[in-house]
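Residue numbers are given in the numbering used here: position 179 of the sequence shown equals residue 180, and the series is strictly consecutive.
Idealized CB from N, CA, C, for every residue including glycine.
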Amino acid sequence: MKTYYLIFSFSIIFLIDSSLIAQSIWSGPMIEFEKEDNADPTNAINQDSISPSVAITRGNEGEIYNAFLENEAEKGISPLGTEWAVGNLSEIESLTFSSFRTAVVKPKFSVGQKLVLHVITENIYLSVEFTSWTQGKSGGGFKYKRSTDATTSIVENNSETKLSLFPNPSTNFIQITGLNQTENYEICDVVGSKIKQGFVTNNEKIDVTKLTKGFYFIKFEFGKSVRFCKK
(Lines of atoms letter the chains of each structure in order from A and count residues from 1; the text may use other names and numbers.)
(Lines give C-alpha, C1' and ligand atoms only; values in the text may rest on other atoms or scores of the structure.)
Protein backbone atom coordinates (compact mmCIF):
# COMPACT_ATOMS: atom_id res chain seq x y z
CA MET A 1 0.00 0.00 0.00
CA LYS A 2 2.87 2.36 0.80
CA THR A 3 4.39 1.85 -2.65
CA TYR A 4 1.16 2.75 -4.39
CA TYR A 5 0.79 5.83 -2.22
CA LEU A 6 4.21 7.07 -3.29
CA ILE A 7 3.48 6.41 -6.96
CA PHE A 8 0.16 8.24 -6.66
CA SER A 9 1.96 11.19 -5.04
CA PHE A 10 4.49 11.32 -7.89
CA SER A 11 1.62 11.28 -10.39
CA ILE A 12 -0.03 14.26 -8.69
CA ILE A 13 3.25 16.19 -8.79
CA PHE A 14 3.72 15.42 -12.48
CA LEU A 15 0.19 16.56 -13.29
CA ILE A 16 0.60 19.82 -11.38
CA ASP A 17 3.93 20.56 -13.04
CA SER A 18 2.65 19.82 -16.55
CA SER A 19 -0.29 22.18 -16.09
CA LEU A 20 2.20 25.04 -15.80
CA ILE A 21 4.11 24.12 -18.98
CA ALA A 22 2.88 24.92 -22.48
CA GLN A 23 1.76 21.90 -24.47
CA SER A 24 4.26 20.73 -27.07
CA ILE A 25 3.24 18.42 -29.91
CA TRP A 26 6.13 16.60 -31.58
CA SER A 27 5.16 16.03 -35.20
CA GLY A 28 8.68 16.02 -36.66
CA PRO A 29 10.45 13.19 -38.52
CA MET A 30 10.09 9.66 -37.16
CA ILE A 31 13.15 7.97 -35.66
CA GLU A 32 13.59 4.34 -34.69
CA PHE A 33 14.74 3.00 -31.33
CA GLU A 34 15.60 -0.62 -30.57
CA LYS A 35 16.54 -2.41 -27.37
CA GLU A 36 17.86 -5.83 -28.37
CA ASP A 37 17.21 -9.07 -26.48
CA ASN A 38 19.32 -9.39 -23.31
CA ALA A 39 20.83 -5.91 -23.75
CA ASP A 40 21.71 -4.17 -20.48
CA PRO A 41 18.84 -1.78 -19.62
CA THR A 42 21.10 0.27 -17.31
CA ASN A 43 23.33 1.22 -20.25
CA ALA A 44 22.23 4.53 -21.80
CA ILE A 45 22.71 3.03 -25.26
CA ASN A 46 19.70 0.79 -24.53
CA GLN A 47 17.52 3.65 -23.29
CA ASP A 48 15.53 6.04 -25.47
CA SER A 49 16.11 9.41 -23.79
CA ILE A 50 13.05 11.25 -25.02
CA SER A 51 13.27 14.19 -22.61
CA PRO A 52 15.12 15.20 -19.42
CA SER A 53 12.50 13.27 -17.41
CA VAL A 54 11.87 10.16 -19.52
CA ALA A 55 14.17 7.41 -20.83
CA ILE A 56 12.30 4.34 -22.08
CA THR A 57 13.85 0.88 -21.73
CA ARG A 58 12.92 -2.67 -20.74
CA GLY A 59 14.43 -5.46 -18.67
CA ASN A 60 14.86 -9.00 -19.98
CA GLU A 61 11.12 -9.56 -19.56
CA GLY A 62 8.01 -7.66 -18.57
CA GLU A 63 6.92 -4.15 -19.55
CA ILE A 64 8.80 -1.02 -20.52
CA TYR A 65 9.81 1.46 -17.81
CA ASN A 66 11.34 4.89 -17.30
CA ALA A 67 15.03 4.42 -16.46
CA PHE A 68 15.24 7.94 -15.01
CA LEU A 69 12.67 7.10 -12.30
CA GLU A 70 12.58 3.30 -12.02
CA ASN A 71 14.98 0.39 -11.77
CA GLU A 72 12.46 -2.08 -13.17
CA ALA A 73 8.93 -2.17 -14.52
CA GLU A 74 5.89 -2.33 -12.27
CA LYS A 75 3.03 -4.09 -14.01
CA GLY A 76 0.20 -1.77 -14.99
CA ILE A 77 1.96 1.37 -13.74
CA SER A 78 5.26 1.83 -15.59
CA PRO A 79 6.69 3.85 -17.23
CA LEU A 80 6.38 6.50 -14.52
CA GLY A 81 6.07 10.07 -15.76
CA THR A 82 4.17 9.01 -18.89
CA GLU A 83 0.65 8.27 -20.03
CA TRP A 84 -0.48 6.59 -23.23
CA ALA A 85 -3.46 6.39 -25.56
CA VAL A 86 -4.38 4.55 -28.76
CA GLY A 87 -4.83 7.09 -31.54
CA ASN A 88 -3.15 9.91 -33.43
CA LEU A 89 -1.66 13.29 -32.49
CA SER A 90 -4.50 15.04 -34.29
CA GLU A 91 -6.94 13.48 -31.80
CA ILE A 92 -5.25 14.27 -28.47
CA GLU A 93 -8.11 16.42 -27.18
CA SER A 94 -10.49 13.46 -27.39
CA LEU A 95 -8.13 10.64 -26.38
CA THR A 96 -8.27 8.87 -23.02
CA PHE A 97 -4.80 8.54 -21.51
CA SER A 98 -3.73 5.86 -19.05
CA SER A 99 -0.75 3.66 -18.22
CA PHE A 100 1.00 1.84 -21.05
CA ARG A 101 -0.47 -1.56 -20.16
CA THR A 102 -3.99 -0.21 -19.74
CA ALA A 103 -3.80 1.50 -23.13
CA VAL A 104 -2.54 -1.55 -25.08
CA VAL A 105 -4.17 -4.24 -22.85
CA LYS A 106 -1.16 -6.54 -23.26
CA PRO A 107 2.29 -5.29 -24.30
CA LYS A 108 2.48 -7.72 -27.23
CA PHE A 109 -0.68 -6.11 -28.62
CA SER A 110 1.19 -2.80 -28.93
CA VAL A 111 2.86 -3.94 -32.17
CA GLY A 112 1.25 -2.19 -35.12
CA GLN A 113 -0.97 0.09 -33.05
CA LYS A 114 -0.86 3.88 -33.45
CA LEU A 115 -0.11 5.29 -30.00
CA VAL A 116 0.26 8.74 -28.48
CA LEU A 117 2.71 9.15 -25.61
CA HIS A 118 2.33 12.05 -23.18
CA VAL A 119 5.54 12.99 -21.35
CA ILE A 120 3.93 14.56 -18.32
CA THR A 121 6.68 16.72 -16.82
CA GLU A 122 7.58 18.52 -20.07
CA ASN A 123 3.98 18.29 -21.37
CA ILE A 124 5.11 16.73 -24.66
CA TYR A 125 2.89 14.64 -26.93
CA LEU A 126 4.44 12.36 -29.54
CA SER A 127 3.49 9.49 -31.85
CA VAL A 128 4.79 5.99 -31.10
CA GLU A 129 4.38 2.80 -33.09
CA PHE A 130 5.90 -0.47 -31.85
CA THR A 131 7.25 -2.66 -34.63
CA SER A 132 8.47 -5.61 -32.54
CA TRP A 133 8.09 -7.02 -29.02
CA THR A 134 9.90 -10.09 -27.65
CA GLN A 135 7.41 -12.10 -25.62
CA GLY A 136 7.93 -14.06 -22.42
CA LYS A 137 11.31 -14.41 -20.74
CA SER A 138 13.25 -14.33 -23.98
CA GLY A 139 15.40 -11.24 -23.56
CA GLY A 140 13.11 -8.21 -23.38
CA GLY A 141 13.76 -6.85 -26.85
CA PHE A 142 11.50 -4.26 -28.45
CA LYS A 143 11.57 -1.75 -31.27
CA TYR A 144 9.48 1.30 -32.06
CA LYS A 145 9.28 4.38 -34.23
CA ARG A 146 8.47 7.72 -32.65
CA SER A 147 8.05 11.31 -33.77
CA THR A 148 10.50 14.08 -32.91
CA ASP A 149 10.34 17.79 -32.18
CA ALA A 150 9.69 19.51 -35.52
CA THR A 151 11.22 22.76 -34.26
CA THR A 152 14.65 21.08 -34.06
CA SER A 153 14.28 19.43 -37.45
CA ILE A 154 14.72 22.61 -39.47
CA VAL A 155 17.97 23.87 -40.96
CA GLU A 156 18.41 27.51 -40.01
CA ASN A 157 18.75 29.92 -42.96
CA ASN A 158 19.97 32.99 -41.09
CA SER A 159 23.34 32.86 -42.83
CA GLU A 160 24.35 33.20 -46.45
CA THR A 161 26.76 30.30 -45.98
CA LYS A 162 25.55 27.23 -47.89
CA LEU A 163 26.62 24.02 -46.19
CA SER A 164 26.62 20.44 -47.39
CA LEU A 165 26.96 17.39 -45.15
CA PHE A 166 27.83 13.92 -46.38
CA PRO A 167 27.49 10.98 -46.15
CA ASN A 168 23.97 11.19 -44.79
CA PRO A 169 23.04 8.71 -43.33
CA SER A 170 26.54 8.19 -41.95
CA THR A 171 28.31 5.33 -40.18
CA ASN A 172 31.82 6.40 -39.23
CA PHE A 173 32.18 10.08 -40.09
CA ILE A 174 30.48 13.18 -41.48
CA GLN A 175 32.14 15.74 -43.72
CA ILE A 176 31.14 19.41 -44.07
CA THR A 177 31.69 21.56 -47.15
CA GLY A 178 30.90 25.25 -47.55
CA LEU A 179 32.78 26.60 -44.52
CA ASN A 180 34.87 29.73 -45.11
CA GLN A 181 37.02 29.33 -42.01
CA THR A 182 37.55 27.15 -38.94
CA GLU A 183 34.28 26.99 -36.99
CA ASN A 184 33.18 25.84 -33.55
CA TYR A 185 30.54 23.12 -33.70
CA GLU A 186 28.28 21.16 -31.35
CA ILE A 187 26.53 17.86 -32.11
CA CYS A 188 23.22 17.53 -30.25
CA ASP A 189 20.59 14.82 -30.09
CA VAL A 190 16.91 15.38 -30.89
CA VAL A 191 16.12 16.60 -27.36
CA GLY A 192 18.91 19.19 -27.48
CA SER A 193 21.49 17.43 -25.30
CA LYS A 194 25.06 18.17 -26.35
CA ILE A 195 26.88 15.00 -27.36
CA LYS A 196 30.11 16.32 -28.86
CA GLN A 197 31.85 19.59 -29.63
CA GLY A 198 35.00 20.82 -31.32
CA PHE A 199 36.47 22.74 -34.24
CA VAL A 200 36.16 21.88 -37.91
CA THR A 201 37.54 23.28 -41.16
CA ASN A 202 36.07 23.04 -44.64
CA ASN A 203 35.88 19.46 -45.95
CA GLU A 204 37.28 18.04 -42.69
CA LYS A 205 35.93 14.73 -41.40
CA ILE A 206 34.23 14.51 -37.97
CA ASP A 207 34.27 11.09 -36.30
CA VAL A 208 30.76 9.91 -35.33
CA THR A 209 31.62 6.24 -34.77
CA LYS A 210 30.64 6.37 -31.08
CA LEU A 211 27.22 7.93 -31.67
CA THR A 212 24.27 5.59 -31.27
CA LYS A 213 21.80 5.11 -34.12
CA GLY A 214 19.38 8.00 -34.58
CA PHE A 215 19.04 11.63 -35.67
CA TYR A 216 21.42 14.42 -34.64
CA PHE A 217 22.07 18.07 -35.39
CA ILE A 218 25.43 19.70 -35.97
CA LYS A 219 25.21 23.35 -34.93
CA PHE A 220 27.68 26.09 -35.79
CA GLU A 221 28.63 29.27 -33.98
CA PHE A 222 27.28 31.44 -36.81
CA GLY A 223 23.77 30.06 -36.21
CA LYS A 224 23.30 27.42 -38.88
CA SER A 225 22.46 23.77 -38.14
CA VAL A 226 22.19 20.63 -40.24
CA ARG A 227 20.36 17.42 -39.36
CA PHE A 228 21.94 14.04 -40.08
CA CYS A 229 21.22 10.39 -39.42
CA LYS A 230 23.67 8.00 -37.77
CA LYS A 231 23.20 4.39 -38.91
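(request) Can you have a look at Q48 and say buried or exposed, based on whether 16 or more other CB atoms are within 10 angstroms of its CB? (result) Translated into positions along the sequence shown, residue 48 becomes position 47. Around the beta-carbon of Q48, 16 or more other beta-carbon atoms lie within 10 Å, marking it buried.
(message) Quick check: does the Cβ of G88 come within less than 7 Å of any heavy atom belonging to the ligand FAD?
(response) Ligands displayed in this structure: none; no statement on the ligand FAD is therefore possible.
(message) Just to confirm the assignment, what range does the beta strand (DSSP E) spanning T103 have?
(response) The count along the sequence shown starts at 1 and reaches residue 103 at position 102. DSSP places T103 outside any beta strand (DSSP E); the residue lies instead in the alpha helix (DSSP H), whose first and last residues are F101 to V105.
(request) Mind checking who S50 pairs with in its DSSP beta bridge? (result) Mapped onto the sequence shown, residue 50 falls at position 49. Partner(s): A56.
(request) Please classify A86: does DSSP put it in a helix, a strand, or coil? (result) As a working note, residue 86 is residue 85 in the sequence shown. In the three-state reduction of the DSSP assignment, A86 falls in the strand class, which pools E and B.
(message) Assuming contact is defined by CB atoms lying nearer than 8 Å, are K144 and S128 in contact in what I supplied?
(response) The count along the sequence shown starts at 1 and reaches residue 144 at position 143. The count along the sequence shown starts at 1 and reaches residue 128 at position 127. At least 8 Å separates the beta-carbon of K144 from that of S128.
(request) Report yes or no: do the stretch 27-43 and the stretch 172-179 share at least 3 C-beta pairs separated by less than 8 Å? (result) With the cut-off at 8 Å, the stretch 27-43 and the stretch 172-179 do not touch.
(request) Would you list the residues sitting across from S171 in a DSSP beta bridge? (result) For the purposes of this step, residue 171 is identified with residue 170 of the sequence shown, where counting begins at 1. Under DSSP, S171 shares a beta bridge with K231.
(request) With DSSP collapsed to three states, give me the class of E187. (result) Counting from 1 along the sequence shown, the entry for residue 187 is found at position 186. DSSP places E187 within a strand segment (E or B) once states are collapsed to three.
(message) Counting C-beta neighbours from all protein chains within 10 Å, is the total for D190 16 or more, i.e. buried, or is it exposed?
(response) By one-based count along the sequence shown, residue 190 stands at place 189. When all chains shown are included, D190 counts as buried.
(request) Taking the CB atoms as reference points, tell me whether S99 and W85 lie closer together than 8 Å. (result) Within the sequence shown, the letter at position 98 stands for residue 99. Within the sequence shown, the letter at position 84 stands for residue 85. Closer than 8 Å, so yes.
(request) State the start and end residues of the unbroken beta strand (DSSP E) segment that holds F221. (result) By 1-based counting over the sequence shown, the position of residue 221 is 220. G215 to F221 is the span of the beta strand (DSSP E), which, as asked, contains F221.
(request) Return yes when the Cβ of G82 is within less than 8 Å of the Cβ of L70, no when it is not. (result) For the purposes of this step, residue 70 is identified with residue 69 of the sequence shown, where counting begins at 1. For the purposes of this step, residue 82 is identified with residue 81 of the sequence shown, where counting begins at 1. Taking C-beta atoms as the reference points, L70 and G82 count as a pair closer than 8 Å.
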